[in-house]
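Student:
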Amino acid sequence: FEWSGFWVGLELECIAHMGRQSASQYSQLDSQPAGESPYAIAMIADEHDNEEDRFLDLEDVGENQQWRRNRRPSASDKQTQGWFKFHFNNCACDVEKTKTQQAQDAMMFKYNIFFMMVSCGYMSSWTAIGSLIPYFKAHYGADFYVKIYCAYYLPGLVVSLLQQRYDSYFDAKYGSWRSYMARMCGSFLLVACMVLVLPFLPDIPDLRICVMAVIGAFSWLMHGTACMLVAMFPPAATAYLQTGFRCPEIFTVAIVIALELESEEPTHFALVSFHVATALLLITGMIGFVGIMLGKPAQQYLAAKDQSNEASRMEIVPLVPSKRGGGGPSQRLVPSPGGQSTGADRVAALRKQLAKESGLAPGYQGAGEEDRGYIAHAIHECRVALYLTMFSSIFTAAFFAYVTSSDGNDIEQVLYFTRLFCDLLGRPLTRLPRPQGIRQPGQLMWWSVARLALAVLFFAYIVVPGFPQNDTFITFVVGIFSVGSGYLSVLAYEYAALQVRSKAAQAMAATLMNTTFQYAAFSSVLSGVAIAETGLITYDSY
Numbered sequence: 001f002e003w004s005g006f007w008v009g010l011e012l013e014c015i016a017h018m019g020r021q022s023a024s025q026y027s028q029l030d031s032q033p034a035g036e037s038p039y040a041i042a043m044i045a046d047e048h049d050n051e052e053d054r055f056l057d058l059e060d061v062g063e064n065q066q067w068r069r070n071r072r073p074s075a076s077d078k079q080t081q082g083w084f085k086f087h088f089n090n091c092a093c094d095v096e097k098t099k100t101q102q103a104q105d106a107m108m109f110k111y112n113i114f115f116m117m118v119s120c121g122y123m124s125s126w127t128a129i130g131s132l133i134p135y136f137k138a139h140y141g142a143d144f145y146v147k148i149y150c151a152y153y154l155p156g157l158v159v160s161l162l163q164q165r166y167d168s169y170f171d172a173k174y175g176s177w178r179s180y181m182a183r184m185c186g187s188f189l190l191v192a193c194m195v196l197v198l199p200f201l202p203d204i205p206d207l208r209i210c211v212m213a214v215i216g217a218f219s220w221l222m223h224g225t226a227c228m229l230v231a232m233f234p235p236a237a238t239a240y241l242q243t244g245f246r247c248p249e250i251f252t253v254a255i256v257i258a259l260e261l262e263s264e265e266p267t268h269f270a271l272v273s274f275h276v277a278t279a280l281l282l283i284t285g286m287i288g289f290v291g292i293m294l295g296k297p298a299q300q301y302l303a304a305k306d307q308s309n310e311a312s313r314m315e316i317v318p319l320v321p322s323k324r325g326g327g328g329p330s331q332r333l334v335p336s337p338g339g340q341s342t343g344a345d346r347v348a349a350l351r352k353q354l355a356k357e358s359g360l361a362p363g364y365q366g367a368g369e370e371d372r373g374y375i376a377h378a379i380h381e382c383r384v385a386l387y388l389t390m391f392s393s394i395f396t397a398a399f400f401a402y403v404t405s406s407d408g409n410d411i412e413q414v415l416y417f418t419r420l421f422c423d424l425l426g427r428p429l430t431r432l433p434r435p436q437g438i439r440q441p442g443q444l445m446w447w448s449v450a451r452l453a454l455a456v457l458f459f460a461y462i463v464v465p466g467f468p469q470n471d472t473f474i475t476f477v478v479g480i481f482s483v484g485s486g487y488l489s490v491l492a493y494e495y496a497a498l499q500v501r502s503k504a505a506q507a508m509a510a511t512l513m514n515t516t517f518q519y520a521a522f523s524s525v526l527s528g529v530a531i532a533e534t535g536l537i538t539y540d541s542y
């Protein structure tokens, strides 16, 4: 039984190995001599297997040895032995590949954790400061939180548009590796310094709002850069980055409870300790980013990105005959596809060769300014899905305070933390097997549209007179809605990166996705403030 199990496992290993062969290898079968064809060798091996079955069925070891001595060698033994040598070598090679893959998986898991540290770091400033709602309300009024909310989110769109316009310029001038390191490390240090000075600022509301605007601008700069970098990594890294985006909630809840910051009058020592801990979390995020950038994958991906950008900047013009005739300065030599080809044919051939050598996706010549339209079209379904997901999530969260409790509970706080933790839960769920109906960008877009039905239900709960009020029901609705927010947003970023091939194009796709995210945040914040100010939704609506 042990030998039978060994051979069954061996055959399965061989089948798996053959299944991994590329089509190009199989295309060579017809050109091989009959005696060397794998099909012929497999037939010889089948004959050998029949004799081996007889050997395995014998129970006595002595009879096995006698059978081996009496067995007359087959004329095909040499080829058979060669086939088994090939068989065992390939299985051993598969074992080595498995070990190598395991080592690579362990290495990539390390970088995934680093990505989680990065996003957890740069989002900790807003999550931590935003948790001090009772303190801000007692010292600066009920509308102060809305002001710092806008001060943090609104600069994000401007920063994203500036990145879309100038990042590629600085990446080309100084190299992507240096440019990314400067943007991220400088921003981490600046935001950490701003967080540290907050508890020592005078009680001037406008000054604190300005500081929050600076924190918001550089936090979104880090978010845009991290999204561009993670788009070049395997898809799992995107899930880890987006999961880390919501991890500061855990830190915030723990430290608020530990320092007793729930009251309207916390001690100055507690406030200072709170901001110092937040700054340390920012430094931890910077350490994670440095760990990513010092690794070989990031260096190779960024080098490939620079190479793609360099290829896209090569100007290609058709062959224009000189007015003077003959070879002149207006003529350029380009690779000819052969025959009497025209100048346009030569240009097309050179464009195709450049795309092949630089790894660019078919249909465009690079990831520069002239190719942004192609990339935008390739990921437009992902952008629509991300916009609808983020707009509805941020917009509905602005009206949690308008929900009344059927049991006299602090329902708005319950909904706030339900949203945060359910959104966090939805992000790692993307690593599980996905349903058939959500494996394409178009399907993802329609799921984001269908999710809007829950937003309609939420507002109906608030504004429709006579709508049954139940805390458990509205908490369940917000929970499902928020799980979908985390799940769909991660898939939108992941699918967008898969629509293009080159590293430069993936970075550009991530930039466009980040701009879409900022458009959603900008428009949802302004819409929420406008509706609240105009009184379209009031406390007595229900």
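The numbering of the sequence shown is the UniProt record's numbering, which starts it at 1 and goes up by one.
The beta carbon of each residue, even a glycine, is placed where N, CA and C say it ideally should be.
Just curious, the alpha helix (DSSP H) that F269 is in, first and last residue?
Tutor: Locating residue 269 in the sequence shown gives position 269, where the first residue counts as 1. Segment 268-293, the alpha helix (DSSP H) holding F269.
Student: Can you determine whether any heavy atom of the ligand NAP sits closer than 6 angstroms to the C-beta of Y240, and answer yes or no?
Tutor: The ligand NAP is not part of this structure, which contains no ligands at all.
Student: Helix, strand or coil for C193? Go by DSSP, reduced to three states.
Tutor: Taking the first residue of the sequence shown as position 1, residue 193 is located at position 193. Helix.
Student: Whose CA, out of V290, K503, L207, lies closest to the CA of A304?
Tutor: The count along the sequence shown starts at 1 and reaches residue 304 at position 304. Closest option to A304, Cα to Cα, is K503.
Student: In this structure, how does DSSP classify S263 when only helix, strand and coil are distinguished?
Tutor: In the sequence shown, counting from the first residue as 1, residue 263 sits at position 263. If DSSP states are grouped into helix, strand and coil, S263 belongs with coil.
Student: Helix, strand or coil for G535? Go by DSSP, reduced to three states.
Tutor: Taking the first residue of the sequence shown as position 1, residue 535 is located at position 535. Reduced to three states, the DSSP call for G535 is coil.
Student: Nearest to A213 by alpha carbon, out of V191, R419, S119, L201?
Tutor: Along the sequence shown, one-based indexing puts residue 213 at 213. A213 has its Cα closest to that of V191, out of V191, R419, S119, L201.
Student: Can you tell me which of the three DSSP states V483 falls into?
Tutor: Residue numbering aside, residue 483 sits at position 483 when the sequence shown is read from its first letter. In the structure shown, V483 sits in a helix (DSSP, three-state: H, G or I).
Student: Rounded to the nearest angstrom, what separates L154 and P248 at their Cα positions?
Tutor: By one-based count along the sequence shown, residue 154 stands at place 154. By one-based count along the sequence shown, residue 248 stands at place 248. Their backbone Cα atoms lie some 21 angstroms apart in a straight line.
Student: Identify which residue in I129, I537, T127 has its Cα closest to the Cα of F459.
Tutor: Position 459 of the sequence shown holds residue 459. Here the closest residue by C-alpha is I537.
Student: Do you know whose CA, among Q506, T515, R178, lies nearest Y374's CA?
Tutor: Residue mapping note: residue 374 aligns to position 374 of the sequence shown, counting from 1. Checking every option, the nearest Cα to that of Y374 belongs to Q506.
Student: Cβ atoms of M108 and G288: under 7 angstroms apart, would you say?
Tutor: Here residue 288 corresponds to residue number 288 of the sequence shown, with the count starting at 1. Here residue 108 corresponds to residue number 108 of the sequence shown, with the count starting at 1. No, they are not a contact pair.
Student: Is the number of C-beta pairs between the segment 475-495 and the segment 447-462 that are closer than 8 angstroms three or more?
Tutor: Touching, yes, given that three or more Cβ pairs across the two stretches are closer than 8 angstroms.
Student: Return the chain-ordered ranges of every alpha helix (DSSP H) run that is complete within the segment 443-520 and spans a minimum of 4 residues.
Tutor: Counting whole runs of 4 or more residues, the segment 443-520 contains the alpha helix (DSSP H) stretches 471-498.
Student: How many whole angstroms separate the CB atoms of Y122 and A237, which I take to be in contact at a CB cut-off of 8 angstroms?
Tutor: Within the sequence shown, numbered from 1, the residue matching residue 122 stands at position 122. Within the sequence shown, numbered from 1, the residue matching residue 237 stands at position 237. About 16 angstroms; that fails the 8 angstroms criterion.
Student: Hey, is the segment 279-294 in contact with the segment 186-202, meaning 3+ C-beta pairs nearer than 8 angstroms?
Tutor: In short, these stretches touch, since the Cβ pair count reaches three.
Student: Would you say V490 and T430 are within 7 angstroms of each other, going by their C-beta atoms?
Tutor: Here residue 490 corresponds to residue number 490 of the sequence shown, with the count starting at 1. Here residue 430 corresponds to residue number 430 of the sequence shown, with the count starting at 1. The answer is yes: Cβ separation under 7 angstroms.
Student: Going by DSSP in three states, D423 sits in which element: helix, strand or coil?
Tutor: For the purposes of this step, residue 423 is taken as the residue at position 423 of the sequence shown. Helix.
Student: Would V525 pass as a contact of M445 if the rule is Cβ separation under 7 angstroms?
Tutor: Sequence index remark: in the sequence shown, residue 525 carries index 525 (1-based). Sequence index remark: in the sequence shown, residue 445 carries index 445 (1-based). No, Cβ-Cβ distance for V525 and M445 is not below 7 angstroms.
Student: I'd like to check one pair, I209 with I148: are the Cβ atoms closer than 7 angstroms?
Tutor: Here residue 148 is taken as the residue at index 148 of the sequence shown, counted from 1. Here residue 209 is taken as the residue at index 209 of the sequence shown, counted from 1. Yes. Within cutoff.
Student: Spatial neighbours of Y145 within its chain, please: CB distance less than 6 angstroms, with the 5 preceding and 5 following residues excluded, ordered by chain position.
Tutor: As a first step, residue 145 is located in the sequence shown; it is residue number 145 there, counting from the start. Same-chain partners within the cutoff: I133, F136.
Student: Put L221 into one of helix, strand or coil per three-state DSSP.
Tutor: Taking the sequence shown and counting its residues from 1, one reaches residue 221 at position 221. Reduced to three states, the DSSP call for L221 is helix.
Student: To the nearest angstrom, report how far apart T516 and D167 are at their CA atoms.
Tutor: By 1-based counting over the sequence shown, the position of residue 516 is 516. By 1-based counting over the sequence shown, the position of residue 167 is 167. T516 and D167: Cα-Cα distance of roughly 17 angstroms.
Student: What residue from V456, Q300, H275 has the CA that sits closest to S393's CA?
Tutor: Looking up residue 393 in the sequence shown gives position 393. Ranking V456, Q300, H275 by Cα distance to S393 puts V456 first.
Student: Secondary structure at T404, three-state DSSP: helix, strand or coil?
Tutor: Here residue 404 is taken as the residue at index 404 of the sequence shown, counted from 1. In this structure, T404 counts as coil in the three-state DSSP scheme.
Student: Quick check on the DSSP output: the alpha helix (DSSP H) that includes S131 runs from which residue to which?
Tutor: By 1-based counting over the sequence shown, the position of residue 131 is 131. First-last for S131: undefined, no H or E at that position.
Student: Between L259 and T267, what straight-line distance do the alpha-carbon atoms span, to the nearest angstrom?
Tutor: By 1-based counting over the sequence shown, the position of residue 259 is 259. By 1-based counting over the sequence shown, the position of residue 267 is 267. Whole-angstrom Cα-Cα distance: 9 angstroms.
Student: Tell me which same chain residues have a C-beta within less than 7 angstroms of the C-beta of V230, skipping the five on either side of it?
Tutor: If you number the sequence shown from 1, residue 230 lands on position 230. Excluding residues within five positions, the ones whose Cβ falls inside 7 angstroms are F115, A237, T238, L241.
Student: Tell me where the alpha helix (DSSP H) around L241 begins and ends.
Tutor: Here residue 241 is taken as the residue at index 241 of the sequence shown, counted from 1. Looking at the DSSP string, the run of the alpha helix (DSSP H) that includes L241 is 235-244.
Student: Helix or strand or just coil, what does DSSP make of G325?
Tutor: Locating residue 325 in the sequence shown gives position 325, where the first residue counts as 1. Here G325 scores only 43 on pLDDT, less than 50, and its place in the model should not be relied on; the value that follows carries that caveat. Here G325 sits in coil by DSSP.
Student: In whole angstroms, what is the alpha-carbon distance linking I129 and L424?
Tutor: Within the sequence shown, numbered from 1, the residue matching residue 129 stands at position 129. Within the sequence shown, numbered from 1, the residue matching residue 424 stands at position 424. Rounded to the nearest angstrom, the two C-alpha atoms are 19 angstroms apart.
Student: For the 8 angstroms Cβ check, are there 3 or more pairs between the segment 217-230 and the segment 198-207?
Tutor: No, they do not touch.
Student: Report the rounded CA-to-CA distance for L386 versus A510, giving the unit in angstroms.
Tutor: Position 386 of the sequence shown, counted from the first residue, corresponds to residue 386. Position 510 of the sequence shown, counted from the first residue, corresponds to residue 510. If I take the Cα positions, the gap works out to 12 angstroms.
Student: Indicate the three-state DSSP secondary structure (helix, strand or coil) for M390 in the structure shown.
Tutor: Position 390 of the sequence shown, counting from 1, holds the residue named residue 390. M390: helix per DSSP, three-state reduction.
Student: Quick one: is D171 buried, meaning 16 or more other Cβ sit within 10 Å of its Cβ, or exposed?
Tutor: In the sequence shown, counting from the first residue as 1, residue 171 sits at position 171. Buried is the call here.
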